[in-house]
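K.L.:
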Amino acid sequence: MGESASYKEDTVDKIQYMKEFGVNIFAIKSLRRVTLKSNSRIAWKINEINERLIENYLIRTVETGECENVKINLKPLKSNIVNEPIWVMWYQGIEKAPDIVKCCVESIKEHSAGHQVIVLSEENLYDYIELPDFIMEKFSRGYISRTHLSDMIRLNLLYLYGGAWLDATVLVSNDIPEEYFREELFSLNFGKKTKDPSYGRWTTFCFFAKKGNSLIEKTLKYHYYYWMHKNHPIDYVMFDYFINYISRRDAVAAKQISEIKPTNENVFALMHSMNASYVNNSSLLIDTKTVFSKLSWKHEYVLEVNGKQTVYGYLVEKYLGK
């Protein structure tokens, strides 16, 4: 019964997607999904066509919003934020978060290098920012997911207050270099080309920006313009599409993106070793070239394997005392 209901819901979602965005985009996205892990020329060509169709649709939509000249208020609600804080959020509240998230947040506090760490939830988030009524209405009705709301939240915070945004599943294993905070814009360029519009040049789960950054402001407004006219996301990574588009047409944004040098090349290495023996993988946590490691709360983790403490087990013991 559950599988049947899930299949029916998935079918409805696909039909709705085709109605809103057209058969061509639906078809190319389906092909891309099938060829995503392939490195063939055909797979890359499919990816290129997919990206072009989606970007064209996105830009037509946001340009409509721009032409309407809708006033968007971006005003800070707090005046006592200093020293470029680190923003991290678990919307349901950190006390309800999985242990791996709690470990990550504690690691951020441990290695914040003197910067204030502000842990946000649904309870305190709106003490700092105000989202437009139409965004909150579409979120409450389920049109905007928590993931896409989070994109707008981080852009708001960085534009209004500056500092750093770290996803709650980012583990920090060395003190965050002060130079990252000094940059007008900084993110992780991990030196490997991806099939996302970022091409590995930045990551939205780790973003540093100065207060009032123009690229951050425009990216946020593009999100607003899109959701003014749409009730469904055309793609999961609209954030990346907007940055890529803006940075190709704005010299200041292009310079900021081009100056993000490769760092943290092993940012995903730890994710694949969490259930491995800590003794055999401890080097991943003391690698001075890796400040940030992206983990996931969706994976199943164990404390021990064959009687030996796992990397996950070590982190839980270190940060949570379990």
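If you want this note's numbering, it's the 1-based position in the sequence shown plus 23. Backbone N, C-alpha and C define an ideal beta-carbon position, used for all residues, glycine too.
1) What are the residues that DSSP puts in a beta bridge with lysine 331?
2) Pop quiz: lysine 175 and leucine 100 are said to be a contact at Cβ under 8 Å. What is the actual Cβ separation, rounded to whole angstroms?
3) What would DSSP say about threonine 192, mapped onto helix, strand or coil?
4) Could you please give me the residues that DSSP links to leucine 143 through a beta bridge?
5) Within the same chain, show all residues whose beta-carbon is closer than 6 Å to that of alanine 187, passing over the 5 residues directly before and after it, in chain order.
6) Quick check: the segment 283-303 against the segment 334-341, are there 3 or more CB pairs under 8 Å?
7) Please say whether leucine 81 and tyrosine 203 have beta carbons closer to each other than 7 Å?
8) For glutamate 32, I'd like the list of residues in its chain whose CB is within less than 6 Å of its CB, leaving aside the five on either flank, ordered along the chain.
9) From Ile131, Glu340, Glu145, pick the residue whose C-alpha is nearest to that of asparagine 139; which is it?
10) Determine whether the beta carbon atoms of valine 290 and phenylalanine 262 lie at a separation below 7 Å.
11) With DSSP as the reference, label asparagine 212 as helix, strand or coil.
12) Any idea what DSSP makes of serine 102, helix, strand or coil?
13) Excluding sequence positions up to five away, which residues of its chain have a Cβ less than 8 Å from the Cβ of methionine 41?
14) Bridge partners for phenylalanine 265 per DSSP, in chain order?
15) Bridge partners for phenylalanine 230 per DSSP, in chain order?
16) Taking Cβ positions, are valine 85 and valine 111 nearer each other than 7 Å?
17) Would you call the CB atoms of aspartate 273 and phenylalanine 228 closer than 7 Å?
18) With burial defined as no fewer than 16 other Cβ atoms inside 10 Å of the residue's Cβ, what is the status of valine 35: buried or exposed?
19) What whole-angstrom Cβ distance do leucine 181 and asparagine 267 have, given they're in contact under 8 Å?
20) Identify the residues that DSSP records as bridge partners of phenylalanine 315: which are they?
21) Any idea which residues DSSP pairs proline 220 with across the strands?
22) Can you tell me the Cα-Cα spacing of arginine 83 and asparagine 96, whole angstroms?
23) On the DSSP letters alone, give me the boundaries of the alpha helix (DSSP H) that glutamate 118 sits inside.
24) Taking all protein chains shown into account, decide if histidine 246 is buried (16 or more other Cβ within 10 angstroms of its Cβ) or exposed.
P.N.:
Taking the structure as given:
1) Val328
2) The residue asked about is misnamed: residue 175 is methionine in this sequence, not lysine. Not confirmed; about 15 Å, so no contact.
3) coil
4) Met112
5) Ile109, Phe231
6) yes
7) no
8) Reliability fails at glutamate 32, whose pLDDT of 43 lies under 50, so the model's placement of it is uncertain and the value that follows must be treated cautiously. Counting only Cβ-Cβ distances below 6 Å, and skipping sequence neighbours, we find nothing.
9) Note that residue 139 is glutamine in the sequence shown here, rather than asparagine. If we check each option's Cα against that of glutamine 139, Ile131 comes out closest.
10) no
11) strand
12) coil
13) Phe49
14) The partner list for phenylalanine 265 (beta bridge, DSSP) is empty, contrary to what the question assumes.
15) Trp188, Ser210
16) no
17) no
18) Note that valine 35 scores 48 on pLDDT, short of 50, meaning its location in the model is unreliable; the coordinates nonetheless yield the value given after this. Counting Cβ neighbours within 10 Å, valine 35 comes out exposed, since fewer than 16 surround it.
19) That belief does not hold up - the Cβ atoms of leucine 181 and asparagine 267 are roughly 18 Å apart, past 8 Å.
20) Val195
21) Proline 220 is not bridged to any residue.
22) 23 Å
23) Taken as a continuous stretch (DSSP letters only), glutamate 118 belongs to no alpha helix (DSSP H), as it is neither H nor E.
24) buried
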